[in-house]
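Per UniProt numbering, the sequence shown runs over residues 1 to 421. A virtual CB, placed ideally from N, CA and C, is assigned to each residue, including glycine. Following: one structure in structure tokens, then a few remarks.
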Amino acid sequence: MSTLIEINDDLYSFDEDTRIPDTIEKIEESMVTYNDFFSKYLIYNQPCLINSQATENWPCRRNWVLNGAPNFEVLRTLFGRTIVPVADCNKKFYNSQFKDDMPMKSYLDYWIDYKRNNYAKSMPLLYLKDWHCVKDFPDIPIYEVPQYFVSDWLNEYYIAHPELNDDYMFIYMGPKETWTPLHADVFTSYSWSANIIGRKRWLFFPPHEEDHLRDLYGQLAYDAVSEDLNDRTKYRTYDSKKLKCFDIIQEAGEIIFVPSGWHHQVWNLEDTISINHNWINGCNIGNVWHGLKRELRSVMKEVDDCKDMKNWNEHCQLMLKASYGMDYKQFLQFISFIAKNRLHAMLKKNQVISFRKYCFGYNHCLFDLRVLKHTLDDIITDAQDLSVYNLMCENDESLLLLNAITSFLESSCNIENIISP
């Protein structure tokens with residue numbers, strides 16, 4: 001039997017970040033309802049730390065841990081034969097870290113050896129990152145998505161399209177001192193990260209603070225605590241005393257919620273394993289869409305001197321996909337799928353099931369449809385203005401969908417007005 005997920009009928013989405021907190025709050029799952037979290041943290045794009053109660057019943061917290069450390073034998077038995085992506089934290093590759101694939105058994109052997117050698121600086125510093133464990137091993141019980149994060153359009157889309165062979169659900173694991181350079185998450189999505197074991201240090205930078213961490217060419221700093229930032233000839237606006245930043249320690253079992261567009265840098269203070277999702281929903285889809293629009297205009301400006309070439313628009317879309325991770329057509333397919341799901345649920349009185357456990361209530365689906373109508377309207381208008389609409393869809397499918405959503409929302413509004421006192 002599914003669990004109902006519902007919100008109040010007076011909630012609205014914001015396209016822009018509205019406020020920056022003074023501190024990052026720590027909350028208890030038993031004390032904060034889904035509606036509370038949705039209205040305070042998701043809509044207002046606020047970070048928070050959720051206590052370990054949220055993860056205490058996860059199978060991985062029982063089975064993957066032995067005497068306060070990773071249970072290497074269990075991990076070897078479960079996953080030893082699979083191939084995993086591993087980053088070398090000591091090798092910079094553009095503005096990230098050099099990454100290669102290796103057998104899980106070999107990675108675990110390295111980790112054990114590294115610990116035995118007391119984390120010797122002479123050895124490589126390897127970090128298993130972005131491993132699609134759930135997709136690769138769907139029958140192994142690992143964790144349940146916490147209720148706060150189940151309105152997850154991104155993974156809803158990929159779970160429903162197994163032929164795409166992708167998702168945004170990851171496992172990270174590595175020895176102490178492994179780290180991830182300064183970045184914002186893909187598509188300016190939300191993310192959440194739960195520590196199965198170990199401790200992490202997070203540096204959080206609210207939106208636009210990262211501009212002070214860019215060099216005179218606009219390149220984002222690789223390391224937010226590097227001494228290079230004090231070079232005023234290169235980083236002209238950096239001032240450590242004025243920079244808005246949050247320094248957070250995440251303990252085992254706790255979950256960090258990372259808002260849309262917040263840059264962050266992360267270190268493992270101990271041997272650590274974490275579960276991580278990237279996700280998009282009605283509260284941050286505006287940020288995602290605006291980011292896509294900005295990136296396309298940046299691409300178009302970069303190749304403006306080639307504007308007379310044949311298929312210039314198609315070329316710009318290819319470049320957009322390479323730089324942002326998706327193009328206009330993919331984005332339209334994504335939001336159209338979600339919109340059809342919500343519209344069908346409302347018209348046919350069917351349930352929208354998330355992660356096999358949760359279903360969304362009437363107000364939640366209505367909220368989603370209102371946001372989707374606005375986003376769909378804007379992308380169609382923008383695509384028409386840029387003469388790329390015909391590249392994105394055939395037979396005016398998007399306009400027909402927009403009209404169907406508009407008609408439903410107008411009719412539901414009329415019904416509400418009739419039954420209201």
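Residue i, enclosing alpha helix (DSSP H) - first and last residue
i	result
Gly291	285-302
Asn117	From DSSP, Asn117 is part of no alpha helix (DSSP H); its letter is neither H nor E.
Met169	Premise fails: Met169 lies in the beta strand (DSSP E), 169-174, not in any alpha helix (DSSP H).
Leu318	312-324
Phe72	72-79
Ile159	153-159
Asn63	59-63
Assigned secondary structure, residue i (DSSP; H/G/I helix, E/B strand, else coil)
i	result
Glu25	strand
His277	strand
Gln351	coil
Asp266	The sequence given here places Val at residue 266; Asp does not occur at that position. It is a strand residue.
Glu223	Per the sequence shown, residue 223 should be read as Asp rather than Glu. Coil at Asp223, not helix or strand.
Asp36	helix
Phe137	coil
Pro181	strand
Glu144	coil
Trp111	helix
Lys121	coil
Ser407	helix
Asn395	coil
Ser193	strand
Leu203	strand
Pro359	Here residue 359 turns out to be Cys, not Pro, going by the sequence shown. Here Cys359 sits in strand by DSSP.
Leu402	helix
Arg342	helix
Proximity winner among the options, relative to residue i (alpha-carbon distances)
i	options	result
Glu254	Thr3, Glu6, Glu25	Glu25
Trp111	Glu177, Pro141, Ile159, Asp368	Glu177
His263	Thr33, Glu28, Asn45, Asp10	Asn45
Glu314	Leu386, Val266, Pro175, Asn281	Leu386
Asp247	Phe205, Arg214, Asp231	Phe205
Glu28	Asn230, Gly361, Gln147, Gly261	Gln147
Pro259	Pro124, His374, Thr188, Asn95	Thr188
Ser407	Ser240, Asp271, Leu125, Leu366	Leu366
Thr23	Cys245, Asp327, Gln219	Cys245
Ile83	Arg61, Tyr107, Glu73	Tyr107
Met1	Ser274, Phe137, Ser354	Ser354
His277	Lys40, Cys48, Glu6, Asn155	Asn155
Leu203	Cys48, Asp136, Asn57, Asp377	Cys48
Trp279	Leu369, Ala120, Trp192	Trp192
Leu78	Tyr114, Asp139, Asp166	Asp139
Ile196	Trp312, Ala54, Asp377, Ile43	Ala54
Val186	Gly286, Ala383, Asp231, Gly291	Gly291
Ser398	Ser336, Ser412, Ser411	Ser336
Val134	Asn350, Asn287, Ser323, Pro162	Pro162
Asn90	Asp368, Met31, Lys121	Lys121
Residue i versus residue j: straight-line alpha-carbon distance, rounded
i	j	result
Tyr190	Lys310	37 Å
Ala194	Asn390	42 Å
Lys329	Leu401	15 Å
Phe98	Pro21	35 Å
Tyr12	Tyr362	15 Å
Ile379	Asn35	29 Å
Ala160	Leu4	20 Å
Asp396	Pro85	41 Å
Lys234	Tyr358	50 Å
Ala69	Asn268	13 Å
Val10	Lys241	The question names Val, but residue 10 is Asp in the sequence shown. Roughly 40 Å separates the two Cα atoms.
Val371	Ser151	13 Å
Pro59	Tyr143	6 Å
Asp101	Val266	22 Å
Asn8	Gly282	14 Å
Leu243	His208	10 Å
Tyr119	Glu56	29 Å
Asn284	Phe37	14 Å
Leu302	Ile256	Strictly speaking, residue 302 in this sequence is Glu, with Leu absent from that position. Each residue's Cα considered, the two are about 37 Å apart.
Ser52	Thr33	16 Å
Val352	Tyr157	12 Å
Trp289	Glu394	21 Å
Ile419	Asn287	Below a pLDDT of 50, predicted positions are generally treated as unreliable, and Ile419, at 39, falls in that range; the measurement from the model is reported next regardless. Between Ile419 and Asn287, the C-alpha separation is close to 35 Å.
First through last residue of the beta strand (DSSP E) which encompasses residue i
i	result
Asp382	Unbroken run through Asp382 is the alpha helix (DSSP H), 362-385; no beta strand (DSSP E).
Gln97	96-103
Val86	83-93
Cys48	48-50
Tyr127	126-131
Val258	255-258
Ile249	246-250
Decide if the region 180-189 is in contact with the region 215-225; the criterion is three or more beta carbon pairs, one per stretch, under 8 Å apart. Contact between the region 180-189 and the region 215-225 is established, with three or more Cβ pairs separated by less than 8 Å.
For the pair the region 50-69 and the region 235-254, tell me if three or more CB-CB distances fall below 8 Å. Contact between the region 50-69 and the region 235-254 is present: 3 or more CB-CB pairs across the two stretches fall below 8 Å.
Pairs of beta-carbons, one from the region 283-302 and one from the region 78-97, closer than 8 Å: are there three or more? Using a C-beta cut-off of 8 Å, the region 283-302 makes no contact with the region 78-97, since fewer than three inter-stretch Cβ pairs fall below that distance.
Touching or not, the region 119-132 and the region 165-177, by the rule of three or more beta carbon pairs under 8 Å? Contact between the region 119-132 and the region 165-177 is present, because at least three Cβ pairs lie under 8 Å.
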